[in-house]
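Residue numbers (the numbering used here), protein chains in the order written: chain H, 9 to 132; chain U, 5 to 161; chain A, 38 to 798; chain S, -16 to 102; chain B, 44 to 543; chain P, 37 to 146; chain V, 189 to 327. Every residue, glycine too, gets a C-beta built ideally from N, C-alpha and C. Here is the structure we will look at, set down as C-alpha cells.
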Ligand code: NA
Ligand code: NA
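Okay, here's the thing in C-alpha cells:
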C-alpha cells in the first residue's frame, strides 16, 4: 500500500505544482491546497500506514489491547492541518484583497513592486 | 411545553429508578410519564399537549408512508431506462404562515423522495414544489394541502 | 581625462576660520615626528624596537608595532610632511564649511599611515592600509558636490580596495606559509619562502595590492584623477605618503620575496612602463597639478623599478629617492596650491609673470624644481646619480632600466623647468590684482621642504647614515654602507646626468610641439585606462542589469518555475547518486476501499487542475477533502479525518465567500496544456513519490510513539492518545499553532479592514 | 444472536443500495431538479439505515444515542442544503429538462433574475 | 530554567496579545512593545551569559523527558542568535515609535511585530524539528501580516510574491520533516543526530538533505531561490523591512546550520558541495543584482542575498574557522544590515525619497547620519576596523586554509562589488547635492523623533564598532560555538539527559 | 466485537457488498462533480458524496465494531451542508458581474 | 441570505452545533475530539448563523469580538501552561485536581490540560470567526 500512497502523493504534488505555475492567483492557491494535502499525506505515510485500531485506549485499560496506528504522526498532521488552514485563509484574503486593488488575478499583470519600467513604479 | 419538560423529567426519574440507562428504558419511562400526566391533567389549559402528541404521531406515520412509497418509486425511476415520470413545478398556495410551520412542511416535502421545495413565495403564501410523480398539478396541490399542511397546522398551532 | 575642478582654490566662507583641530593636528604630527626622531639612534644601530599588545589572540593577531630602519624613514616623512600639510591646510581651507571634517580626515589618514608603516602585524598593516584608503576616499571626495570628485573618489576607492583585498589574501597566505603574522618573526627567517608552494600566489597577490595602491601601470590613472582633492591632500596623500604605501610594502617584503626572477621581472617591467608612460603624459599636461600628479606616478614607477633589484645601490637609490621625492613634490604641490588659491587657476596657459608678486613661491618652486631636475647641490642630484648608478647595477636588463631612467628624467627636467619658470616669468595674464604669497601658514611648508632639499644635499652623511643606510640594510636583510657624494668624479652616471640635462632643456624649449605631438599620439590610441575603467563600469552595470532582468523578472510564475526546477534538479541529482537504490513500484496490498479513497484523491487533484472555473475547482477540492478524510479513517486516524473535514469545510466556505468578490470564470481562457510546466510538475511529483517510497520502505523506529501510547493513560490521564499528544506531550506545538491561527486570522482581517477603510473614504 | 445480525445485514444492504441509487440518480437524471429529487433523499436514507444498523448491532445506549444523533443531524441538515441549492438553481433559472411542466404561476420571484450559473 | 528558556517566545506572545487587546490605544501598545523587547533583551543576555559560562542549557516543557517531549535547548549558537534578535528587536521597536503611523498601529503593527519576535526566538530556542516548523510558521505568518499591513498596492504585490514562495518553502519543510521522522522515528534534533548516524538509507538521506536544503534555502534566500526577497523587501514600511532584513533570512540560515551540522553532518560531502555551489552563486548574483539597483532599499535588499551567500559559505566549508566565520558574519550582518535600513529610513525622511536620483545633500545636512551610514556601510563592505572585516577575514582565511582559491576569489570580487554599491549610495544620497535642495538636517525632527530614530542607529553602530575594535571575545565565542557545532557531544548529552 | 466474532456469513458478505455499493456510489457522485455541467450540479453531487461518506463511516463502524467512526459521521453530517449553503448563496447572488470578465482576467493568448 | 427556511432552521441548528462542540471539547481527552475539532464545529455554527442572518447579526450574537475571543483563548492556553511554572515545575506540565473517587474513569478531574484545551477551543473559534466574518462582511 506504500506504493499507492506514494503515487498519490506524487500526483498531488505534480498537480499542485502544475497549478502553481499558472498566471492566475486562484490557481496558485488551489495548487497550494493540493501541495498541502500532499505534505500531510507524506507525514501520514512516514508514520507508517497500518490498518490498525485508532490510537484510543478503551475504558478500564491503561494501554491499548492491540496495536494502534501511530498517534504521533497524526498529531503532527493535525497541527499542520490547522496551521495550513490559517495560512491558506490568509493567502485567500490576500488574493481577494489584491483583486480588489488591482482588478486582476493575473500575476503577470501585477507589477507594482517590480515594475516593467521605472516610470511604472507609481502606486496608483 | 411545560408538560413536555415535566414528561422528560419523569422519564429521567424512571430511568434513574430502574437503574438501567438504556434508550429503550427511557422511552418506556417517557410513555409511562405521558400516561401519568394525561391522567393527572384531565382538566385545564394544558390539555393541548395530550391532543398534540397523537397528532404528531399521525403526521409521522403519514410521512413514513410517503417516504416509503416515494422511495421505492425513486429507486424504480433511477434504475429504469429513460425517465418515464413527468417532472412538474407546481405552486402550492398555503394557509399556514408561521415560519416554523412552513419550515416543518418544507422539511417533510424535502425529505420525501421525488418532491423538492424550490422556493417559498415572497409573501410566504405559497411554496414552489418540484415533483417527479404528480400526474395532475391540482390534485397534487389538494393532496398536499389536506395532507401534510393540515396535519402540520394541527400539530404546531 | 576628467577635468579637475578648480573650485577648491577659491576662498571659502561660512565655515569656521579656524578650529582647535587646526592646532591639534599639527601638534600631534610634530610630537610624532620628534618622538620618532628620538628613536633614530637606535635604528641606526640596527636595533628593532617592538611594542605589542594582544588584540585577537585566538587568530594569532596582535596590535603590535615595531620600528626599524625602513619604517622609521617612512614614519618621519609621514609625520614631518604631515606637520607642514596641516599648517598649510589651515591657510588653504580657511573658512571652509567642512574644515573640521577635513582635519578629522587628515588626522585619520596620518594615524593610519603611521600605523601602516609601523605595524608589526600583517593584519594590523592591512587594517591601516584600508583605513588610508577610506581617508583617501573621503579626502578625494572632499569637494563632494562636484561630480568629477565623486567619480575620482570612487575610482580610487574601488581600485585600491580591489588591490587591498588581494593584499589581504596574500597576507593571510603569507601568515599561513610562515606560521606567523608578525613581520619581525617572519623576517627573522627569510630562507624558505621562495621554495614554498604558496610563493607565487603570495607574491602575485601582494604585488596586486602594492601596485594598485602605488598607481602602477595599468592602475596609474586613478592618481591623476585623485587630484580632485584639495591641494593639501594631493601634496600629502597622493604624492608624499599614501601612494608610497605600496612602495613600503614592496620594500618590506623585499627580503622575503625578492630572490626570484618573477619578482625582478614583474617589478622592473611594471615600474619602467609606469615611469615612461607617466612621464610622457606628464609633459602633456597644462594643468600644473596634473603635471605634478603624473610626475608622481613617474616617481612611483621608478621606485618600483629599483625595488625589483637586489643590488644595494639600486635599493639605496630607491630609498633616497623616496625621501627626495616626498620633500620636493610636497613642496611643489603646495606652491601650485598657493598659485591656484591666489589666481584662481592652475592652467599654465593662463599663468605668467607671478614672480614679482609671489617671490617666496617662486623661490620654493625653483628650489624644488631644481631638486626634481637633479641639479647639484640639491638632494635630487644625489638621488639622480644614485638612480643611474643603481640602474646600471641592475643585472637583469640594464639597458632597459637605464633607458627608462634616462628617458623619464629627461622629461622630468622639462616638466620641472616648466613648473619653475612658466608661471613666474613673462607677462601677467590673470585679472586679479591682489596677488601675494599669502599668509605664512601657506608658504611655511613649501619653504621648509624646498630648503630641506638643499640642506640634505649639503649634509649628506647625516642622511646616508641616519636614514638611508638602516633602511637599505633592512630591505636587503644585511648591513650595507651607503655613502652620498655630490662629486663622484667623471663616470657613466655623470655622463648620463649631463645627457639628461641637455635633452631635458631641449624638451622644455620644444614643449609646445611635443605636447601637440603627444596629444595626437594619444588620440590614435584605441583606448586609455581611464576609458577602459568607464567601459568596465558600464559593462558591470550592463551585466548586473541583464542578470537582474533575467532572474528577477517580476513574474511570479517564472520565479516559481525556477524554484521548482531547482528542487527537481537537486532531487534528480540526489537520485542519480543513488541510482542503484531506486525502489521498484510494487503495487498491491491495498483493499478496494483504500484504492477508492486514493483514486478519489488523485482524481480530485486532477479535476482541480483541469477545472475550467475556480468554483468547479473548489468543488473538486471538496471531493479531495472527503477522499483524504476517508484515507485517514481507513488507516486509523478518526481525529484527523474529522479535522480534515472541518478544516476543508471552513476553507471552502471562505473560498466561496471570497470568490463572490472575484471574477466568476477567471480561467475561461487559461491555457490548460503547458508542456514545459507539465514536464516540470511531473518531475517534481515523481521525485516526491520516490522519496516517500525510499523513506517508508525502510523499517520504522517506533520508540517515541510507543512511549506516548504507553504513557497516555497512566501518566497523562487521557485515553485519546492523539489528543494527549496535542495538549500534553507536545503542548508547545499546539500553543504555537494556535498562535499561528490567531495571527493568520487577524492578519487576514487586517487586509479586509484596510479595504473597508479605503472604501469608506 | 443471528436475528440481530440478519437484521443488521438487511439494513446494511438496503442502506447501501439506497446510496448506490442516489449516486446513480445523480448520473442518470436529466436536470438538476430531478437529480436532487432522486439523490439527496436516497442518500439520507442510506445513512439512516446504516446508522440504524449500527445502533442495532452495538446495542449500547451510548452508540445508539450517537447513531440517533447522527440521523437527526442528517435529517436536519441535508434537506436544508438541498433546498438552498434548489432555490438558487430555481431563481437563476438553471436549465430544466425539456419535459418538465411548469405551472403558469410557478415562476421564480427572485429580485434580480440572473443568467444561468453554468461554469 | 524552563521559565528562562520559554521567556524569549512567551514574553513577546503575551505582549502581542496585550497589544492586540489594546490596539485601540496605540500609546499603551507602544509601551508594552518596548517593555517586552527590554524583557527579551534581559532574558537573552542572561541566557547568553549562562551559556557562555556553563554550556548548553535545556528545558522540557511539559516535563516529558527527551526525546519524547519537546526540548528547548540553548547552546552557543542559539544564545547568540537570541541575543542579537533581542538587540535588533529593541532597536526596531524604538525606531518604530516614530516610523509607524497610527493607522498601522491600530491595525495591529505592534502585535504582529511581537509575534514575529516570538517566532524568531522560538525557532532559535527549540531543539525539536517539528517545533521548529511551528515557530517558523509563527514567524512567517507574522511577517506576512507585517508585509501587507496597510495594504498599499506595492505591499500587496510584494506580499503576493513573498507569500507565494514562502508557502512553497513551508510545505517543503513540512514534508521534509515528516519524511525525516519516517526514517528516524524521532523529531528531537539531538536524537535525530544519533538515529540518522545509524540509519542505513543513503538514498532517502540524500533526498532529504536536498529537500531541507531547498526548504531552508528559500527561507534563507539562496540562489536560485531568493526571488521573493528583492521582490518584496522594499514594499512595507521601513521598520518592517529593517527587522526582516535583520532576522528573517537569518532564521533560514540558522536552520540550515542546524540541519547541516547536527542532523546531517558532512557525510560524503554531497550536501556541503551543493551548499558551496549555492553559496558562491548567491554571493555573486546578489551583489550583481544590487549593482543594477538605484533605490536605497532595493540595493540593500539584494545585498542581503549576497551576504546570505557569505554566511552559507561558512557553513559549506565546514571547518571550525569557517563556521565561526559564519556565526560572526551573521551577527555582524544582522546588526549592520538592520542599521542600514534604519538609516535609510531616516535618510529618506530627511531628503524625501529612497530613489537615489531624487535624494542627496545628507553629507552636509546630517553629518551624524552620514557617519552612522558610513560605519554600517563600510562594515558591510568588510572594511577594518569594523565588524565586517573580521567576518570576511574569518571566511577568507577558512577558504584559503582549505586551498579553496576559487571561493576566495569569489569572496573578494563580491567584497569589492559590495563596496561599489555602498559607495554608490554614499555618493548619491550623501555627497551629491540634493536635486531640489530640500534636504533637512536631523535638527528638523522633533526631539522625540530624533531620539527614536537615532538612538537605535547609534547603538547598532556602536556594536559594529565594538565588534570591529575588540573582536577577540566574540571571535573566541564563535570559535567555541563552531566547535560545539562540529562536535555536538555536549549538545547531545545535555539534550538527551534533559528531563530524566 | 468485530465481524469475525459475530455472524460471519451473513453480515460479512452484506458488509462487503455494501462496501462495493457505497464505493461505487462515491465514484459515481464524483463523476457528477467532474461533469457538472452547472455549478449547482457539482454542488449537489458533492453533497451526495459527503452523505455517502457519512454512510461509509457507519459501515466502517459495523465492519470494525468500533463506534469511533460514528463521531466522524456526526461531524460530517453536521458541517457538510454548510458548503452547500455557501455555494447556494454564490449561485443565487453570484460573483462579480460577468461583463467585467474580459477586463479583469486578461489572460492573453500569448 | 433571505430565506425563511434557512433562517428558521438555523436557530435550531446553531444551538445543536454549539452543544455538540462543547460535547466534543469535553470528551476530547478520551475520545475523538478536543479543542481544535470542537472549536471548528463551534465556528461552523456561527458560520451558519452568518450565512443565514448576515455577518453583522452573527457578530452581535457572539457578543464578544471574535478577535478578542481568540486572543483570550491564546492567553488562557498560555496561562494554563504557566500554572505549572508557578508551581515550580517546567511550563506546560499538566496540573491535575481530582474531585471524587480516585478510581480510573469515574473520578472527575480538573486539569490545566483541560483549561489548555479550552483555550485552544476559544482561540480556534475566535480565529475562524475573524476570518469568516471578515470575508463575509466584505461580500
Ligand atoms: Na496543511
Ligand atoms: Na543581510
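Indicate the three-state DSSP secondary structure (helix, strand or coil) for residue i in the structure shown.
i: residue 5 (chain B); result: Given that chain B is displayed from residue 44 to residue 543, the structure contains no residue 5 (chain B) and the question cannot be resolved.
i: residue 122 (chain H); result: coil
i: residue 66 (chain S); result: helix
i: residue 359 (chain B); result: helix
i: residue 632 (chain A); result: helix
i: residue 149 (chain A); result: helix
i: residue 100 (chain U); result: coil
According to the neighbour-count rule (16 or more other Cβ atoms, all chains shown, within 10 Å of its Cβ), is residue i buried or exposed?
i: residue 194 (chain V); result: buried
i: residue 161 (chain U); result: exposed
i: residue 229 (chain A); result: exposed
i: residue 79 (chain H); result: buried
i: residue 377 (chain A); result: buried
i: residue 527 (chain A); result: exposed
i: residue 499 (chain A); result: exposed
i: residue -12 (chain S); result: buried
Here's a check: name, in chain order, each residue in its chain whose Cβ is nearer than 8 Å to the Cβ of residue i, leaving out the five neighbours to either side.
i: residue 705 (chain A); result: Here residue 705 (chain A) scores only 48 on pLDDT, less than 50, and its place in the model should not be relied on; the value that follows carries that caveat. Cβ within range, chain order: 649, 650.
Please list the terminal residues of the continuous beta strand (DSSP E) segment that includes residue i.
i: residue 714 (chain A); result: It is not in any beta strand (DSSP E) - residue 714 (chain A) instead sits in the alpha helix (DSSP H) that spans 712 to 733.
i: residue 102 (chain A); result: 98 to 104
i: residue 102 (chain B); result: 100 to 102
i: residue 123 (chain U); result: 119 to 124
Under DSSP, the alpha helix (DSSP H) around residue i begins and ends at which residues?
i: residue 65 (chain B); result: Note, residue 65 (chain B): premise wrong, no alpha helix (DSSP H); not H, not E.
i: residue 76 (chain B); result: 69 to 97
i: residue 530 (chain A); result: 529 to 546
i: residue 274 (chain V); result: 254 to 274
By Cβ distance, which residues of its chain are closer than 6 Å to residue i, with the 5 residues on each side in sequence left out?
i: residue 521 (chain B); result: 367, 370, 371
i: residue 278 (chain B); result: 197, 198, 201
Please work out which residues of its chain come closer than 7 Å, Cβ to Cβ, to residue i, disregarding the five sequence neighbours upstream and downstream, and give them in chain order.
i: residue 476 (chain A); result: 128
i: residue 191 (chain B); result: 198, 199, 202
Any chance you could list the alpha helix (DSSP H) runs of at least 4 consecutive residues sitting entirely within the stretch 424 to 490 of chain B, in chain order? Taking only runs of at least 4 residues, the alpha helix (DSSP H) segments lying wholly in the stretch 424 to 490 of chain B are 430 to 444, 448 to 468.
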